[in-house]
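Participant:
In structure tokens:
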């Protein structure tokens with residue numbers, strides 16, 4: 031199993047435990063989160079890029095990995111990803127560079143899995 | 031003069047003072063910042079939305095105002111703005127609500143100025 | 031009208047504009063936010079203290095003012111407030127001191143208004 | 031040894047190294063930190079919940095784990111924990127969800143160890 | 031009275047109110063803060079630059095103004111300030127640019143007051 | 031190979047992948063980052079301390095490790111490091127303590143490697 035498959039499996043099992051444990055506020059928030067990224071006036075692809083860059087400047091690796099997976103599914107190209115992460119890097123500063131290193135590593139693995 | 035015209039005038043004069051004072055690192059960074067948002071694989075419009083939502087989750091009012099002005103110029107609609115800010119709000123949490131209030135106020139003023 | 035009454039009036043009008051402008055994600059989030067602070071296993075008073083200290087370490091003045099108003103309504107005493115803000119200060123560091131200054135100023139005004 | 035026992039052992043040894051290395055500012059800060067969470071106008075339990083939610087919105091896993099251990103010792107119930115983390119999640123946004131997953135995992139392990 | 035004199039007067043009065051209101055944790059923290067910036071293995075000048083750049087990347091205008099005043103007293107030159115803020119800008123990203131604008135404005139006023 | 035050699039090897043390989051993948055914005059940013067820390071009105075040593083403390087208050091372990099390595103090369107002493115990290119801790123709060131633990135661990139290993 032690849033690192034990304036591990037990540038997705040762990041994430042699913044872990045979300046299940048959170049929802050088993052939690053009350054209505056957390057459950058409703060997870061539901062709201064899901065609805066936020068559906069097609070609308072902006073495409074799901076654009077929203078995933080917005081989620082990715084938000085996660086990038088806030089420096090959350092798990093969130094970045096999640097949105098990279100979704101961006102890949104939405105057909106984001108290498109050039110588009112580079113430009114989106116460039117916005118994130120310039121806004122967020124060099125403090126985000128370790129996350130850039132991990133984001134590119136994840137992206138290259140996503141492309142390998144696809145190949 | 032409207033609040034937005036005040037903001038733009040103050041910002042321009044103030045950037046000029048920064049560039050007069052600063053050495054090559056700051057000057058090159060300002061130049062890099064400008065180049066980041068030009069049309070490429072992603073449109074300038076999408077990049078401005080990325081800049082807006084990044085600024086929103088990092089909670090910088092001046093940065094939000096700047097990107098709102100640029101989004102307006104790029105033809106972002108009310109529905110698109112609402113969906114972009116919804117991503118920002120859900121990612122960034124209620125701590126960002128005061129910035130949402132100020133963002134909507136600025137956006138409505140931008141529409142009034144246009145009218 | 032006191033600074034706090036100004037703040038509350040401005041906040042209410044501004045929230046109204048946000049809800050007029052926004053779609054279902056933002057509306058549902060505002061509703062979720064309201065429900066989060068109701069009495070449950072933890073009292074509303076404890077939840078308002080949690081909201082206050084969260085806002086304090088994330089350094090949002092408007093959020094701090096809002097939770098101070100709610101804490102006052104829930105009967106939080108001076109000693110309780112001092113101890114809650116002490117947790118916030120020690121966790122969040124001296125970077126939060128300007129917010130501490132403004133928080134104490136708002137609290138003293140809330141007490142004056144009550145007097 | 032469980033993950034939590036590992037965490038506590040590593041933390042103790044590591045704090046010892048920090049105090050061996052550091053001068054008076056760090057030593058006094060560690061002392062101040064300890065005093066902040068003692069019973070007072072607010073109970074130690076409430077202060078640990080404040081420390082937990084502060085750590086949660088600032089997204090520090092080690093700090094979250096530490097306060098979860100202390101919350102368990104203070105008799106915090108599942109319902110109380112869920113409501114405290116709900117405040118943290120709503121204030122801090124979905125960027126904190128990976129920390130919620132890890133917090134619940136740690137809590138469930140704390141309950142297992144107790145059983 | 032200049033903006034900086036206003037800032038210092040307001041800050042002093044406000045700190046006094048905080049110390050009147052607060053218990054021993056806050057008082058001890060203020061004392062610790064004072065001791066942190068005294069001459070030692072590193073000069074007070076270097077420590078003020080460290081305080082400045084920390085405040086800059088954490089984006090707190092009041093903290094930046096305070097450390098700029100102290101840097102001026104310690105004989106920091108324009109070139110040194112530019113290089114220190116350049117580190118802050120590159121680490122912290124364009125999100126800090128509005129704070130750079132305000133920092134330079136304050137610095138120029140500090141130089142005018144001195145003239 | 032020590033943990034630090036691992037870190038440096040991984041970091042170099044990973045930066046190479048980033049630069050292979052990325053377009054001109056990221057490449058220019060990496061170049062700007064390099065130039066920021068060269069000797070000037072402030073010494074490289076002082077700039078590395080500024081980079082270290084900035085990374086510390088923003089809580090990025092990889093960035094802290096990198097600047098610790100550079101500080102060691104610039105002849106920073108134990109006392110100087112302690113005082114720099116004390117500024118970081120007091121500004122940034124106890125939320126940074128886990129990073130202090132890891133920083134001291136890395137520093138002690140750097141000294142061992144040298145011995």
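Protein chains in written order, with this note's numbering: chain F, 31 to 145; chain C, 31 to 145; chain U, 31 to 145; chain R, 31 to 145; chain D, 31 to 145; chain X, 31 to 145. Glycine is no exception: its CB is placed at the ideal position from the N, C-alpha and C atoms.
Whole angstroms is fine: what's the gap from residue 137/R's alpha carbon to residue 121/U's?
Facilitator: 21 Å
Participant: Just to confirm, is the Cβ distance from residue 56/D to residue 112/U under 9 Å?
Facilitator: yes
Participant: If residue 135/F sits next to residue 47/X, beta carbons under 8 Å apart, how far is it from one beta carbon to the other, in whole angstroms?
Facilitator: 7 Å
Participant: If you measure between the beta carbons of residue 87/R and residue 88/U, is that distance less than 9 Å?
Facilitator: yes
Participant: Less than 8 Å between C-beta atoms, sequence neighbours within five positions excluded: which residues of the same chain meet that for residue 34/X?
Facilitator: Counting only Cβ-Cβ distances below 8 Å, and skipping sequence neighbours, we find 95, 99, 136, 139, 140, 143.
Participant: Count the other CB atoms within 10 Å of the CB of residue 32/F; is the residue buried (16 or more) or exposed (fewer)?
Facilitator: exposed
Participant: Does any residue of chain R have a CB that is nearer than 9 Å to the CB of residue 87/C?
Facilitator: yes
Participant: Given a cut-off of 9 Å, decide if residue 71/X and residue 110/D are closer than it, judged by their beta-carbon atoms.
Facilitator: yes
Participant: Am I right that residue 116/F and residue 53/X are in contact with their C-beta atoms under 8 Å? What's the rounded C-beta distance?
Facilitator: About 7 Å separates the two Cβ atoms, so the contact holds.
Participant: Output yes if chain X places a C-beta closer than 9 Å to the C-beta of residue 66/C; else output no.
Facilitator: yes
Participant: What is the DSSP secondary structure of residue 93/C, counted as helix, strand or coil?
Facilitator: helix
Participant: Got a sec? Which residues, its chain only, sit under 6 Å from residue 118/F by beta carbon, not counting five neighbours each side?
Facilitator: 83, 86, 87
Participant: Using beta carbons (cut-off 9 Å, strictly below), is residue 43/R in contact with chain U?
Facilitator: Chain U, which has no Cβ nearer than 9 Å to the Cβ of residue 43/R, makes this no.
Participant: Apply the 10 Å Cβ neighbour rule to residue 103/R and answer buried if 16 or more other Cβ atoms are within range, or exposed otherwise.
Facilitator: exposed
Participant: Have a look at residue 133/D and residue 80/D and give me their C-alpha separation to the nearest angstrom.
Facilitator: In this model, residue 133/D and residue 80/D are separated by some 15 Å (Cα to Cα).
Participant: Does DSSP put residue 118/R in a helix, in a strand, or in coil?
Facilitator: helix
Participant: Can you grab the Cα-Cα spacing for the pair residue 44/R / residue 131/X, in whole Å?
Facilitator: 6 Å
Participant: Name, going along the chain, the residues of the segment 106-140 of chain C whose beta-carbon falls closer than 8 Å to a beta-carbon of chain R.
Facilitator: 119, 120, 121, 122, 123, 124, 125, 126
Participant: Can you give me the C-alpha to C-alpha distance between residue 69/X and residue 125/X, rounded to a whole angstrom?
Facilitator: 32 Å
Participant: By the three-class DSSP mapping on this structure, what secondary structure does residue 126/R have?
Facilitator: helix
Participant: Could you check whether the Cβ of residue 88/R sits closer than 8 Å to any heavy atom belonging to the ligand HEM?
Facilitator: Of the ligands one can find in the structure shown there are none, so the ligand HEM has no counterpart to examine.
Participant: Which term fits residue 107/X, buried or exposed, when burial requires 16 or more other beta carbons within 10 angstroms of its beta carbon?
Facilitator: exposed
Participant: I need the DSSP call for residue 106/D, collapsed to helix, strand or coil.
Facilitator: In the three-state DSSP reduction, residue 106/D falls in the coil class, being neither helix nor strand.
Participant: Please tell me whether residue 193/C has its Cβ less than 9 Å away from any Cβ of chain D.
Facilitator: What the structure shows of chain C is the stretch from 31 to 145, and residue 193/C is not part of that stretch, so it cannot be assessed.
Participant: Quick check: what's the CA-CA separation for residue 77/F versus residue 39/C?
Facilitator: 32 Å
Participant: Using the Cα positions of residue 97/D and residue 41/F, report the straight-line distance between them to the nearest angstrom.
Facilitator: Approximately 44 Å between the Cα atoms of the pair.
Participant: Return the Cβ separation of residue 59/U and residue 62/F in integer angstroms, given the expectation that the two are a contact with Cβ distance under 8 Å.
Facilitator: 6 Å
Participant: Where does residue 71/F sit, in a helix, a strand or coil, going by DSSP?
Facilitator: coil
Participant: What separation, rounded to the nearest whole angstrom, lies between the Cα atoms of residue 145/R and residue 75/R?
Facilitator: If you draw a straight line from the Cα of residue 145/R to the Cα of residue 75/R, it comes to about 21 Å.
Participant: Within this structure, are the beta carbons of residue 123/U and residue 105/X separated by less than 9 Å?
Facilitator: no
Participant: Given a cut-off of 9 Å on the beta-carbon distance, is the pair residue 128/X and residue 101/R in contact?
Facilitator: no
Participant: Determine the chain X residues that contact residue 53/R at a beta-carbon separation under 9 Å, and present them in chain order.
Facilitator: 109, 112, 113, 116
Participant: Quick one: Cα of residue 51/X to Cα of residue 36/R, how far?
Facilitator: 39 Å
Participant: Taking DSSP as the reference, what is the three-state secondary structure of residue 88/X?
Facilitator: coil
Participant: How many Å lie between residue 65/R and residue 64/U at the Cα?
Facilitator: Each residue's alpha carbon lies about 33 Å from the other.
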